[in-house]
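Colleague: After the structure tokens below, expect a handful of questions from me.
There are 2 protein chains.
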Amino acid sequence: MSTSLTVSQLAKQLEISADTVRHYVRSGLISPERDPENGYKRFKGEDIKRLHFILQAKSLGFSLADIQTIMDQASHGESPCPQVRVIMEARLKETAAKIAAMQATYKQMQDAMQRWQTQPDCTPTGEHICHLIEGFSHQADNFKQEGCCHE
Amino acid sequence: MSTSLTVSQLAKQLEISADTVRHYVRSGLISPERDPENGYKRFKGEDIKRLHFILQAKSLGFSLADIQTIMDQASHGESPCPQVRVIMEARLKETAAKIAAMQATYKQMQDAMQRWQTQPDCTPTGEHICHLIEGFSHQADNFKQEGCCHE
DNA sequence: CTTGACCTGTGTGTTACTCACAGCTTTATA
DNA sequence: TATAAAGCTGTGAGTAACACACAGGTCAAG
Ligand SMILES: [Zn+2]
Ligand SMILES: [Zn+2]
Ligand SMILES: [Zn+2]
Ligand SMILES: [Zn+2]
């Protein structure tokens, strides 16, 4: 039948993994009918439309929980747009914060790598585990813990 | 006694949460002695030094699994430096990739928000869940799925 | 001795999947 | 036709790095 698709058929069509499709079903985002003969999931037009929506929303930064909320609201006949705008604003800020944090870490990593370029390998002692890592904070002054392990 | 610290004392001293300290213990990164009287964890010099190392490594982008590996190697008397360099290179690439991906998403989000600025709220129909999200891909052409839900 | 604040260990929840696995179907081969 | 190999299915469990919940233990004040 071309009126309903199996998990892997649907997955292939939307270029996602079958496990991802199953995940959305288990999470309650999609609720396909079941084939009475073997219990297999059978996706029809409605389900495919929902999955399509899910993927679009995900690409815009919405979480699955967000998407669930939006769909629930829409199925109650209420306009989800106001919620969408609110959630989006929050996700936008979150994403900006995450990017900033990761960029900071990235800089730390680069600095360390450069510093390590010229440093020789060490042997761990009771005092030190790895000079590369431990030496970093002394120069970069990340941790101003007074109980710092050495010097 | 000042020779050993409890979970919360140690947490406060290193400015991390007590739960985080407990997490590291449960993960096997630190193995403090136990107070025979009440079973409480008792952190001594060695443990504190290890935790100090963990935090430094974490700030450089190492995962807890990485750190475990490095510490194990060091405790076997082998120099962990070569491993450290290898792992760091991998994490550096990963981080760069993550940042790039997040920035791409961020741009998508911004574009969508701007487009939505002037659009009115909608009412969900059988055809659509939310025009804001569904309308996006038609203009941005994210999903060139031929079975797109409308038009 | 009791009240209350604080602290403890442990069990469970979080995000968005991904993997493992036993079993059923379909296809290919002899 | 028998049978073996390949492929697909649903479900249970695992991942990273903690955060939270909660019953019970500890300690100072009254
Ligand atoms: Zn080293
Ligand atoms: Zn140090
Ligand atoms: Zn809408
Ligand atoms: Zn569409």
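Line by line, the protein sequences give chains A and B. Residues 26 to 176 (the working numbering) are what the first sequence spells out, left to right. Residues 26 to 176 (the working numbering) are what the second sequence spells out, left to right. The beta carbon of each residue, even a glycine, is placed where N, CA and C say it ideally should be. It should be emphasised that the depicted structure is a prediction, and the values quoted were computed from it without experimental measurement.
Would B:Val109 count as contacting chain A if we go by Cβ distances under 8 angstroms?
Modeller: Within the second sequence, numbered from 1, the residue matching residue 109 of chain B stands at position 84. Yes, contact with chain A.
Colleague: Taking a contact to mean a Cβ-Cβ separation below 8 angstroms, would you say B:Ile73 touches B:Leu35 in this structure?
Modeller: As a first step, residue 73 of chain B is located in the second sequence; it is residue number 48 there, counting from the start. As a first step, residue 35 of chain B is located in the second sequence; it is residue number 10 there, counting from the start. Yes, they are a contact pair.
Colleague: Can you name the start and end residues of the alpha helix (DSSP H) that B:Tyr65 belongs to?
Modeller: Within the second sequence, numbered from 1, the residue matching residue 65 of chain B stands at position 40. First-last for B:Tyr65: undefined, no H or E at that position.
Colleague: Could you spell out where the alpha helix (DSSP H) holding B:Leu39 opens and where it closes?
Modeller: Position 14 of the second sequence, counted from the first residue, corresponds to residue 39 of chain B. It spans 32-39 - the alpha helix (DSSP H) in which B:Leu39 sits, taken as one unbroken run.
Colleague: B:Gln133 to B:Arg140, Cα distance in whole Å?
Modeller: As a first step, residue 133 of chain B is located in the second sequence; it is residue number 108 there, counting from the start. As a first step, residue 140 of chain B is located in the second sequence; it is residue number 115 there, counting from the start. Distance between the alpha carbons of B:Gln133 and B:Arg140 is about 11 angstroms.
Colleague: Spell out a yes or no on whether the region 108-127 of chain B and the region 81-92 of chain B are touching, meaning 3 or more CB-CB pairs, one atom from each, closer than 8 angstroms.
Modeller: Flag = yes, the region 108-127 of chain B and the region 81-92 of chain B touch.
Colleague: The alpha helix (DSSP H) with B:Asp136 in it runs from where to where?
Modeller: In the second sequence, counting from the first residue as 1, residue 136 of chain B sits at position 111. Start and end: 106-142.
Colleague: Just to confirm the assignment, what range does the alpha helix (DSSP H) spanning A:Ser88 have?
Modeller: Against the first sequence, residue 88 of chain A aligns to sequence position 63. Note, A:Ser88: premise wrong, no alpha helix (DSSP H); not H, not E.
Colleague: Count the other C-beta atoms from every protein chain shown that fall within 10 angstroms of the C-beta of B:Arg51, then say buried if there are 16 or more, exposed otherwise.
Modeller: Translated into the one-based positions of the second sequence, residue 51 of chain B becomes position 26. With fewer than 16 Cβ atoms within 10 Å of its Cβ, B:Arg51 is classed as exposed.
Colleague: Rounded to whole angstroms, how far is the Cβ of A:Ile95 from the Cβ of A:Gln108, which I believe are closer than 8 angstroms?
Modeller: One-based indexing of the first sequence puts residue 95 of chain A at position 70. One-based indexing of the first sequence puts residue 108 of chain A at position 83. 6 angstroms between Cβ atoms; contact.
Colleague: In chain B, which residues lie with their C-beta within 7 angstroms of the C-beta of A:Phe68?
Modeller: Translated into positions along the first sequence, residue 68 of chain A becomes position 43. Neighbours of A:Phe68 on chain B: none; closest Cβ ~12 angstroms, over 7 angstroms.
Colleague: Can you name, in chain order, every residue of its own chain whose Cβ lies under 6 angstroms from the Cβ of B:Lys69, other than the five neighbours on each side?
Modeller: The count along the second sequence starts at 1 and reaches residue 69 of chain B at position 44. Excluding positions up to five away in sequence, the list reads Ser29.
Colleague: If the cut is a Cβ gap below 8 angstroms, which residues of chain B does A:Arg116 touch?
Modeller: For this step, residue 116 of chain A is matched to residue 91 along the first sequence. Going along chain B in sequence order, the residues near A:Arg116 (Cβ under 8 angstroms) are Met134.
Colleague: For B:Ile79, which residues of its own chain have a beta-carbon under 7 angstroms away from its beta-carbon, when the five flanking residues on both sides are left out?
Modeller: In the second sequence, residue 79 of chain B corresponds to position 54, counting from 1. These residues qualify, in order along the chain: Tyr49, Leu54, Ile92.
Colleague: Is A:Ala137 close to chain B, meaning its C-beta is less than 8 angstroms from at least one C-beta of that chain?
Modeller: Taking the first residue of the first sequence as 1, we reach residue 137 of chain A at position 112. With 8 angstroms as the cut-off, A:Ala137 counts as an interface residue toward chain B.
Colleague: Can you tell me whether DSSP reads A:Glu152 as helix, strand or coil?
Modeller: Translated into positions along the first sequence, residue 152 of chain A becomes position 127. Coil at A:Glu152, not helix or strand.
Colleague: Going straight from the alpha carbon of B:Asp97 to that of B:Cys106, what length do you get?
Modeller: As a working mapping, residue 97 of chain B is identified with position 72 in the second sequence. As a working mapping, residue 106 of chain B is identified with position 81 in the second sequence. Distance between the alpha carbons of B:Asp97 and B:Cys106: 12 angstroms.
Colleague: Report back the beta-carbon spacing between B:Asp146 and A:Ser104 to the nearest angstrom; my notes put them in contact at under 8 angstroms.
Modeller: For the purposes of this step, residue 146 of chain B is taken as residue 121 along the second sequence, with counting starting at 1. For the purposes of this step, residue 104 of chain A is taken as residue 79 along the first sequence, with counting starting at 1. The Cβ separation is near 5 angstroms, so the contact holds.
Colleague: Just the chain A side, please: which residues come within less than 8 angstroms of B:Ala99 by C-beta, in chain order?
Modeller: Position 74 of the second sequence holds residue 99 of chain B. Residues of chain A passing the Cβ test: Pro149, Ile154, Cys155.
Colleague: So does B:Cys155 have its beta carbon nearer than 7 angstroms to some heavy atom of ligand 3?
Modeller: In the second sequence, residue 155 of chain B corresponds to position 130, counting from 1. Answer for B:Cys155: yes, Cβ within range of ligand 3.
Colleague: Using a Cβ-Cβ cut-off of 8 angstroms, state whether B:Leu85 counts as contacting chain A.
Modeller: Locating residue 85 of chain B in the second sequence gives position 60, where the first residue counts as 1. At least one chain A Cβ lies under 8 angstroms of B:Leu85.
Colleague: For ligand 1, I want to know if B:Ser100 counts as a neighbour, meaning its beta carbon is within less than 7 angstroms of at least one of the ligand's heavy atoms.
Modeller: Within the second sequence, the letter at position 75 stands for residue 100 of chain B. No, since every heavy atom of ligand 1 falls outside the 7 angstroms radius drawn around the Cβ of B:Ser100.
Colleague: Would B:Leu157 and B:Gln144 be called neighbours here (beta carbons separated by less than 8 angstroms)?
Modeller: As a working note, residue 157 of chain B is residue 132 in the second sequence. As a working note, residue 144 of chain B is residue 119 in the second sequence. Yes, they are a contact pair.
Colleague: Please report the residue range of the alpha helix (DSSP H) in which B:His101 lies.
Modeller: As a first step, residue 101 of chain B is located in the second sequence; it is residue number 76 there, counting from the start. No alpha helix (DSSP H) contains B:His101, which DSSP labels as neither H nor E.
Colleague: Assuming A:Met138 and B:Met113 form a contact by the criterion Cβ under 8 angstroms, report the distance between their Cβ atoms to the nearest whole angstrom.
Modeller: For the purposes of this step, residue 138 of chain A is taken as residue 113 along the first sequence, with counting starting at 1. For the purposes of this step, residue 113 of chain B is taken as residue 88 along the second sequence, with counting starting at 1. Sure, about 6 angstroms apart at Cβ, within 8 angstroms.
Colleague: Taking 8 angstroms as the CB-CB cut-off, is B:Thr31 touching chain A?
Modeller: The residue you call residue 31 of chain B lines up with position 6 of the second sequence. Answer no: the Cβ-Cβ gap between B:Thr31 and chain A never drops below 8 angstroms.
Colleague: What does B:Ala121 touch in chain A if you count any residue whose Cβ is under 8 angstroms from its own?
Modeller: In the second sequence, residue 121 of chain B corresponds to position 96, counting from 1. Near B:Ala121 (Cβ distances below 8 angstroms), the residues of chain A are Tyr131.
Colleague: For A:Pro61, does the count of other Cβ atoms within 10 angstroms reach 16, so buried, or fall short, so exposed?
Modeller: Numbered from 1 along the first sequence, position 36 holds the residue referred to as residue 61 of chain A. That one is exposed.
Colleague: In the DSSP output, which residue or residues are listed as bridge partners for B:Glu71?
Modeller: Position 46 of the second sequence, counted from the first residue, corresponds to residue 71 of chain B. B:Glu71 is not bridged to any residue.
Colleague: Among A:Arg110, A:Tyr131, A:Asn63, which has the Cα closest to the Cα of B:Ala115?
Modeller: To locate residue 115 of chain B, count along the second sequence from 1; it is residue 90. The option with the nearest alpha carbon to B:Ala115 is A:Tyr131.
Colleague: Output yes if chain B places a C-beta closer than 8 angstroms to the C-beta of A:Ser42; else output no.
Modeller: Walking along the first sequence from the start, residue 42 of chain A turns up at place 17. So no, A:Ser42 is outside the interface.
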